[in-house]
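Numbering (this note's numbering), first residue to last: 1 to 132.
For reference, the structure discussed in these notes is given below.
Below is the structure:
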């Protein structure tokens, strides 16, 4: 994780330099603000990764002598049969269409998003997948 933290911190330095150069040359506030916000996001992610790297074991990406196989193993648990992302995707699409066509569309999208979130959070608390 040390490598990723350093990469994001250097990316933040680059984005900060570009934000200053862009702001001085263009005198355009929207793009300058977006670049400064991008700098803030990069520095937050870089700090988090650097902060976390001190508390976890050294990964294979931090070892210069490591092979690709050294980083193999279980990545995490991913639900193989979940329908909740589809519900969230449909609800999110309707919500973003509400920005285009009218805010009234959010009345239809909010319940779909809430049902998707509820189902995703409590997916393994009931039914046949309860003990996974």
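A virtual CB, placed ideally from N, CA and C, is assigned to each residue, including glycine.
Predicted model only: the values in this text are computed from it and were never measured.
Cβ-Cβ distances below 8 Å link residue 92 to 109 and 113 in the same chain, with the five nearest sequence neighbours on each side left out; the list follows chain order. Take the alpha-carbon of residue 5 and the one of residue 104: they are about 43 Å apart. Taking C-beta separations shorter than 7 Å and ignoring five residues to either side along the sequence, the partners of residue 11 in its chain run 42, following chain order. Secondary structure at residue 30: helix, using DSSP grouped into helix, strand and coil. Residue 106 and residue 27 have their C-alpha atoms spaced approximately 37 Å apart.
For residue 40 and residue 23, the gap between their C-alpha atoms comes out near 16 Å. By the C-beta density criterion, residue 33 is exposed, having fewer than 16 other C-beta atoms within 10 angstroms. Linking residue 50 to residue 101 through their CA atoms gives a straight-line distance of about 43 Å. DSSP places residue 38 within a helical segment (H, G or I) once states are collapsed to three.
In this structure, DSSP gives residue 125 a state outside helix and strand, which the three-state scheme calls coil.
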